[in-house]
Structures are given as structure tokens and as C-alpha cells.
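These notes concern the structure reproduced below.
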Amino acid sequence: MKALMIEGEGTCVLRDVAEPHPGPGEVLLNVRHVALCGSDLSTFKGLNPLVSLPRIPGHEIGAEIAGVGPGVPSEYAVGRRVIVVPYTSCGVCPSCRKGRVNACRSNKTLGVQQDGGLAERLVLPYGKLILNDTLAPRHLALVEPLSVGFHAAARGAIAAGETVVAIGCGMIGMGVIAGAVHRGARVIAIDIGEAKTRLALAHGAAHAIDAGREDVVARVMELTNGDGADVVVEAVGSPATFRQAIDLAAFSGRVVYVGYAKEEVSYKTQFFNMKELDIRGSRNALAEDFRSVVDYLEALQTPPDDLISRVFSFAEAPEALPYWVRERDNVVKVMIEI
Ligand SMILES: [Zn+2]
Ligand SMILES: [Zn+2]
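Residue numbers (the UniProt record's numbering): 1 to 338.
Here it is in C-alpha cells:
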């Protein structure tokens, strides 16, 4: 069978690889849709320290069951569709012992520390699969990236009636917005450019601020009677927005960092104390976040196709990452249909 392989910095090719076979407790999948993640893009650019090459990327996967090994429960029947949970936790580290398996010290994600889903077929333990025959097949591949934003909303303990600032309206930010709206919050979304801010409004943000044209702090203060936000979620990963999150939070507010800053960030820390902020990190997602996203998507009146910027066929797959590099500012999600 064929698989997409990142072989070196900026080099991506379709290769013949060995056909996988399901062992005990394992399921053979026909991969249908794989959405590309920022981490796949980092791997392609040679900037992902967690990856050794060559690597088959892809962990945002929608698939169909093609076969089962011995000992797999009967509901995992051939032809049923599944969402893949792409993480593997160790079970013994401090995070795992607290049930926070998403933050496992030794987490292995498909396409990062092990080969991923950009192949015609894939074998996984049945426990990594969420059965779903109701969502459109292409939307199954959106569940994992949205779950990461929903998890950040959960880390912020966002409650109904609260005001939430979401900094960044990429895919993770859109998950934060949807997750916060799903929890009954009023969301103020921030990004640069009209395309992203319009998308945020279409997905339930009450207000959107174009940071390229407006004074963000002044606008947020105006929209919150001078208080700032109950919760600020940073989903960009730049030092400026890491600092801005502190400025935009109300006294006794919460700040969640889901963006990954690739450089050091310096702070004046007095507001940590003066505002008595709760500052929390967020990473990956839990099974309950996947379930919340499925509930959210199943209830949507308008399908979330505006999150999918472009779909490539598998034959065109080597073009997908270079396309994303060129169109960085305009892309929310690039998907490959196999
Ligand atoms: Zn991802
Ligand atoms: Zn662990």
C-alpha cells in the first residue's frame, strides 16, 4: 500500500510500505480523511524536535473499519466509521496516575513519535477508536483538532454567562470558541484579518477584534465594562500574545495557554499576584473532550465545512504541506481524502 512519508526537511513523497495486519484486540482501518496539523507542518519544516525522519505524518483521522483481529468486541464491525484517538499514554507517570492521560509524560502521538495515518490502511487497538456513523466522513477528521480547543475551554473551567477572550482563530482557536460557546459563555475572538474574524463570528463568537486594525486591550475593556475577561485562552503561541493574555484577564480571572511559544517569553509578573490569576497549561484532549465535540458537531445546523480550507486527493498529497506553507495566513485546515 501507499503512504505519505516526510523524508527530510521540505521533502514529502508517496512510498510503498508494508501492508498492516490486525493482531489480537486490533482493528484494520481504511483511512478516509486525514486533516493536517500544525505539528505535521513543523515536521515538514524540520522544526519538530519530537520527530525522527522518515515519518508518516497525520493524527487527525476519520476511517472505516476494514477488518478485525481476535478479541475485538462485535460492535467494531466491518464498514462502521470511526474517529481515531491518536494519543498513547503510559499509565504510570504523575499525569496518568491522576487520570490526566492527555498530559502523559511519555505520550506518543500518531505521526509524531510513531508513524501516523497518512496511509491507505492503518492498524490500531480498538480502544483508540470512537464509533460514529452519523457525522459526515470528512467531519470525523475535524474532531481531534476541535477537541484540543474544547480541552482548553475545560481547563479554563469556563462556565455559562462568563466572558471569554480567545486569542487566535486558527483551528485550535476555533475549537476554543466553539467549546466556550457550547459551555454558554460570551466569546470575544481576536485574530488578524477579516477572514479569521468572520469565521469566529460564524462559529458563535459574540464579538471579533481585528488585531491588525484595532487596539485589542481598549476594545476588550470597552466590551467588559473595564473589567477584562473572566477567562483568556491563548491559542497563538507568540510572546506578545502570551503577555497580552495577562493584560486582558480580569482580577481573579483565569488564563489558559494552549498555544506553544517557540521562544522565551518575558513577563512583568506583578499582575500574576495583583490579579491573583489562575494560569494553566493545556495539551491534547481527553476522551470526554472528544465526546463533547461529537455532541457539538451533531447538533450543528450548518455543517462546519468553512473550517476546511482545501481537500487534496491522496495522489496530490505530497502537494498539501507545501501548499500550507505558501498559504499559511489563509488556511484553517488542509485535508487529504484517501
Ligand atoms: Zn493536531
Ligand atoms: Zn503517563
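The beta-carbon is built from N, C-alpha and C at its ideal position, and this holds for glycine as well.
Contact between the region 166–186 and the region 73–84 is absent, with fewer than three C-beta pairs closer than 8 Å. Taking 4 residues as the shortest admissible run, the region 127–207 contains the following complete alpha helix (DSSP H) segments, listed from N- to C-terminal end: 137–140, 143–155, 171–182 and 194–202. Within the UniProt domain "Alcohol dehydrogenase-like N-terminal" (23–129), the runs of alpha helix (DSSP H) at least 4 residues long that lie entirely inside it are, in chain order, 38–44 and 94–97.
Within the chosen limit of 7 Å, ligand 1 reaches the beta carbon of serine 39 through at least one heavy atom. Each of Glu316, Phe314 and Ser309 was checked against the Cα of histidine 139, and the nearest Cα belongs to Ser309.
A straight-line Cα-Cα distance of about 11 Å links glycine 281 and alanine 235.
With respect to threonine 197, alanine 189 sits close: the two C-beta atoms are nearer than 8 Å. Judged by DSSP in its simplified three-state form, glutamate 337 adopts strand. Less than 8 Å divides the Cβ of asparagine 102 from the Cβ of leucine 286. When DSSP reads this structure, methionine 5 sits in a beta bridge with Val13. In this structure, histidine 59 has its CB closer than 7 Å to one or more heavy atoms of ligand 1. Relative to ligand 1, the beta carbon of glutamate 144 is positioned inside 7 Å of a heavy atom.
Between isoleucine 177 and alanine 200, the C-beta spacing is below 8 Å. When DSSP states are grouped into helix, strand and coil, arginine 291 belongs to the helix group. Taking 7 Å as the cut-off, the C-beta of serine 89 counts as close to a heavy atom of ligand 2. Taking 7 Å as the cut-off, one finds at least one heavy atom of ligand 2 near enough to the beta carbon of arginine 105. Non-local C-beta neighbours of glycine 25 in its own chain, meaning closer than 7 Å and more than five positions away in sequence, comprise Gly69, Gly71, Val72, Pro125 and Tyr126, ordered along the chain.
A residue is called buried once 16 or more other Cβ atoms fall within 10 Å of its Cβ, and phenylalanine 312 is buried on that count. Phenylalanine 242 places its beta carbon less than 8 Å from that of valine 265. For valine 236, DSSP records no beta bridge to any residue. DSSP places tyrosine 267 in the coil class of the three-state scheme, outside both helix and strand. Taking a C-beta distance under 8 Å as the contact criterion, alanine 141 and glutamate 162 do not qualify as a contact pair. Annotated as distal: leucine 14 and alanine 320, with beta-carbon spacing of 8 Å or more. No Cβ-Cβ contact shorter than 8 Å links glycine 253 with proline 137. For ligand 2, no non-hydrogen atom lies closer than 7 Å to the CB of valine 112. Less than 8 Å separates the beta-carbon of valine 255 from that of alanine 245. With respect to the 8 Å criterion, glycine 58 and glycine 117 are classified as neighbours on the basis of their beta carbons.
With a cutoff of 8 Å on beta-carbon distance, alanine 66 and leucine 28 are scored as near each other.
Put simply, of Val85, Leu122 and His182 the residue whose alpha carbon is nearest the alpha carbon of leucine 131 is Val85.
Rounded to the nearest angstrom, the Cβ distance from alanine 202 to aspartate 305 is 11 Å, too far for a contact under 8 Å.
Counting only the Cα atoms, methionine 5 lies some 34 Å from alanine 153. By the C-beta density criterion, alanine 159 is exposed, having fewer than 16 other C-beta atoms within 10 angstroms. Within the same chain, Met1, Glu19, Pro20, Leu28, Leu29, Asn30, Val31 and Ala66 come within 8 Å of arginine 121 by CB-CB distance, once the 5 residues on both sides are set aside.
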